[in-house]
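Here's the structure we're looking at; comments come further down.
Numbering (our numbering), first residue to last: 94 to 369.
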């Protein structure tokens, strides 16, 4: 009689046949086989779960990024500019600034500089014009040279610093510092007034730095002596000049728009200008 294959999920697979020497024994799965099957089943479940999750991710809609803060918001910029003007007003361009004034001006300037992104290779035309200096942190040193050597202000020398301007011509590369100065005289003589123009040429360094090269200083008497012609201040002979090259300097434009400019000098001085 032929062999009969019997088996179920709950019983081992056995070959029932007449007892012979060649009859196969009952094949009962051992623990290793069952454990392997469970591992394979779990592996298939994990694989299916991964594919479902991956499909879900692939099919998820692409959302637009959240709206960013508009850095050129004119209302915000106007507010920060007013804050800066308020911080430097009444400081006589920095000559009357104390430590607290310096910190307040520095903080207000940094807030506005955060909207920087100055690129003079594209916005060089914004430099064009006559700019009025309204604040310099270097003037807190009480010298006309700021952070550089210069005559002191006050009682030691009867010099009063007037308005300071920068006149920039982007075509000719002229960069002139114009300083109004008043010299005290013995009574009853009127004070002597003059305008000194320190002529420079400028060139761009990178996208926001400017290098200026000094050329000459011209003094024009004003006030009661305005009829006198201007004269050029003679330059010191090379042998008498200081070893450092004071004929050139660099500064970085950290904020620039149509009417306001902030610069940082090569010695860290902060300067604020408004278009004149």
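Just so it is clear, CB atoms sit at the ideal spot from N, CA and C, and this is done for glycine as well.
In this text, all values refer to a predicted model and were calculated from it rather than measured experimentally.
Residue-chain proximity (residue i, chain D), Cβ-Cβ < 8 Å
i	result
residue 302	In the structure shown, chain D does not exist; there is a single protein chain.
In DSSP terms, what residue i is bridged to
i	result
residue 283	Note: residue 283 sits in no beta bridge, so no partner.
residue 255	Residue 255 is not bridged to any residue.
residue 450	An answer regarding residue 450 cannot be provided, because it is not within the stretch 94 to 369 covered by the chain.
residue 297	303
residue 262	267
residue 349	354
Spatial distance of residue i from residue j (CA atoms)
i	j	result
residue 192	residue 343	25 Å
residue 215	residue 354	16 Å
residue 219	residue 213	8 Å
residue 217	residue 226	19 Å
residue 182	residue 173	14 Å
residue 268	residue 185	24 Å
residue 286	residue 278	10 Å
residue 166	residue 208	10 Å
residue 254	residue 264	30 Å
residue 363	residue 356	6 Å
residue 350	residue 326	35 Å
Local conformation of residue i per DSSP, three classes
i	result
residue 175	helix
residue 340	coil
residue 367	strand
residue 275	strand
residue 169	helix
residue 219	helix
residue 267	strand
residue 208	coil
residue 358	strand
residue 196	helix
residue 312	strand
residue 289	strand
residue 321	coil
residue 326	coil
Residue j beta carbon less than 8 Å from that of residue i
i	j	result
residue 320	residue 261	no
residue 230	residue 198	yes
residue 301	residue 345	yes
residue 348	residue 168	no
residue 352	residue 365	no
residue 252	residue 232	no
residue 313	residue 295	no
residue 369	residue 224	yes
residue 270	residue 256	no
residue 228	residue 187	yes
Check your understanding: Would you say the segment 282–296 touches the segment 308–315, given that touching needs at least three Cβ pairs under 8 Å?
Key -> yes
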